[in-house]
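Single-structure report; data block below.
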Amino acid sequence: MSQQKRIKKALISVFNKENLDRIVEQLELLNVEIFSTGGTQSYIESKNITVSRVEDLTSYPSILGGRVKTLHPKVFGGILSRRDLDSDVAQLDEYDIPEIDLVIVDLYPFEDTVASGADHAEIIEKIDIGGISLIRAAAKNYKDVVIVSSKNQYEELLTVLVENKGETSLGQRKDFAKEAFNISSHYDSKIFGYFSNNDDSVLKESILESTVLRYGENPHQKGVFYGQLDELFDKLHGKELSYNNLLDVDAAVNLMQEFKSEGPTFAILKHNNACGIAIKPTLKEAYLAALAGDPVSAFGGVLISNTSIDIETAEEINKLFCEVVIAPEYDADAIELLKSKKNRIILIQKEVEFPKTQIRTLLNGVLFQEKDNKTDKKEDFVNSTTKKPTSVQLTDLEFASKISKHTKSNTIVLAKNKQLLASGTGQTSRVDALNQAIHKAKSFNFDLKDAVLASDAFFPFPDCVEIAGKEGVNAVVQPGGSIKDQLSIDYCNENEIAMVFTGTRHFKH
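Residue numbers (this note's numbering): 38 to 546.
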């Protein structure tokens, strides 16, 4: 039997009727008989196109307030019948059931209804029954039936109707079926998510949108991003974001969330860690202070601002090779200048709500956790030493603590005057992290006298405060909680170092 199938009869029942007129007009030109019901039937008739009522086919009206319209053997028999099976064809003849070759159906907007804050009863009514059943039936029988389950497929269907005069290949029908199962499984996962109420016993994630990347972390690895980047960014210029770009952009955006309400703040990130960040009276000053934190690592980095980038700042940025620049807005002349580098990616960050959870593949499964949404505030600091931090030190301690939260563990952050001096990142020992930070700060000619120190986790021994104190650090913020906290407290008291506890560890692996 030929794998080419001509569409002769169609069933159409859609919630969203946008652009449906072009489809039904083409079907009429091809002499395709259209079955429909309810609002879709009325819409098609308003276009002066002949429609056969589903109620006339089934001899049953739409009942239960529209909950049952198409659930009938005369509908599903016509969709599910196997055209190459004599017994199926005989039963269609026996019960006077027409073969249906095309099903166009979408689903009630369940996700949108939940997102709108509708009450439970309204949400329940947006759980589609007939539509999801029609989609699955037509997709299962893709050998003989075309299923169009989204208005996003109308253009593809129109191409088939116009260029192929209503004939479809097996490959085309299978592609439509694949998308139908994609839509139906996504729909069910969202319904389950609503009913599960954060039940941790199972994990179901479904994302419909994807972007194939040039490659993964390395050129020999495949990479795909699942999600809608255009919900978060407007891309103004540059090449496509890479896998590694996206990791750094994610780190940059999450870090800058901590400083949304601060004065002009600029950060430079490399390999998911801040190599420079500062808060200053002007954005240009903030950028230059961030760059001074590590002008070597800044090369090829991701840059982010918490405020509009002006021309003065753009002129400084333009002297640096950087992969990505992110800001909530830009002055017009700043954009034009930054666009002078062909591949530089320029993004406008939009105001969106970020996910509250994180998922990571691991071994033969995945790890799931709540995001670390706890920000250490100076109002919450608990003094652990005789000497109390000054107001200037408290500000710097809060600044440094925010950075340490977003730096790979083990980490030590050194800061002064709302500027990152250096950090030790991703070390197996906290002492190693501190020594790395000290070495780095000195290599860029920073004076550590009166600097502050932040640690993402407690000190198991007093060695860190001793090393830092000898370099001039005079205030420390750490979670506390070690059984040997008192040793660090004693050293600080003996050496006039102020130390505060946050009570919150911020490991980042």
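We put the CB at the ideal spot given by N, CA and C, even for glycine.
Around the C-beta of Tyr324, 16 or more other C-beta atoms lie within 10 Å, and the residue is accordingly described as buried.
For Leu306, DSSP records a beta bridge to Ala311, Val339. Taking the CA atoms as reference points, Leu357 sits about 11 Å from Ser334.
Straight through space, the alpha carbons of Ala494 and Ile520 are spaced by roughly 13 Å. Gly103 and Asn234 have their C-alpha atoms some 28 Å from each other. For the options Lys317, Asp433, Lys211, the alpha carbon positioned closest to that of Thr344 is the one of Lys317.
Using a Cβ distance threshold of 8 Å, Asn447 and Gly275 do not count as a contacting pair. Between the alpha carbons of Pro135 and Leu129 lies a gap of roughly 7 Å. In the displayed model, Val199 falls within a helix according to three-state DSSP.
When rounded, the separation of the alpha-carbon atoms in Ala47 and Ala158 is 33 Å.
Annotation for Glu254: no alpha helix (DSSP H) segment contains it, and DSSP assigns it neither H nor E.
Following the DSSP letters along the chain, one finds Val112 inside the alpha helix (DSSP H) bounded by residues 110 to 117.
Remark: three or more beta-carbon pairs, one from each stretch, lie closer than 8 Å, so the segment 219 to 228 and the segment 242 to 254 are flagged as touching. With contact defined as three or more Cβ pairs closer than 8 Å, the segment 207 to 218 and the segment 176 to 184 are in contact.
Remark: C-beta atoms of Ala488 and Lys439 do not approach each other more closely than 8 Å. In the three-state scheme derived from DSSP, where H, G and I count as helix and E and B as strand, Leu357 is classed as coil. Val142 and Leu171 have their C-alpha atoms roughly 7 Å apart. Apart from the 5 residues on each side of it in sequence, Ala175 sits with its Cβ closer than 6 Å to the Cβ of Ile116, Val140, Val182, Ile184 in its chain, given in chain order. In terms of Cβ geometry, His543 and Ser441 form a close pair [threshold 8 Å].
A distance below 8 Å between beta-carbons, with the five flanking residues on each side excluded, links Glu533 to the following residues of its chain, in chain order: Lys424, Asn511. A direct Cα-to-Cα measurement between Leu207 and Phe405 gives close to 40 Å. In this structure, Ile305 lies away from Leu284, with their beta-carbon atoms at least 8 Å apart.
Counted as a single uninterrupted DSSP element, the beta strand (DSSP E) harbouring Ala452 occupies residues 449 to 452. Nearest in C-alpha terms to Glu82, of all of Ile137, Val105, Phe232, Asp58, is Asp58.
Within the DSSP secondary-structure output, His476 pairs in no beta bridge.
In this model, Arg397 and Ala288 are separated by some 15 Å (Cα to Cα). In the same chain as Phe270, and ignoring 5 residues on each side of it, the C-beta atoms closer than 7 Å to its own belong to Leu384, Ile385, Gln386, Lys387, in chain order. Per DSSP, the continuous beta strand (DSSP E) segment holding His274 begins and ends at 270 to 274. Ranked by Cα distance from Gln40, the options Thr196, Glu254, Thr205 are led by Thr205. Per the C-alpha coordinates, the member of Ile86, Ser342, Thr319 positioned closest to Phe303 is Ser342. Here Ser421 has Gly517, Ile526, Met536, Val537, Phe538 as same chain residues with Cβ atoms under 7 Å from its own Cβ, once five neighbours each way along the sequence are excluded. Taking Phe262 as reference, the option from Leu273, Glu277, Lys272 with the minimal CA-CA separation is Glu277. When the beta-carbon positions are compared, Ala459 and Ala474 come within less than 8 Å of each other.
Straight across, the Cα-Cα distance linking Leu524 with Asn530 is about 10 Å. If you draw a 10 Å sphere on the C-beta of Leu399, you find fewer than 16 other C-beta atoms in it, and that means exposed.
Take Ile44, set aside five residues on each side of it, and the residues of its chain with a beta-carbon closer than 6 Å to its own are Val69, Asp138, Leu139, Gly203, in chain order.
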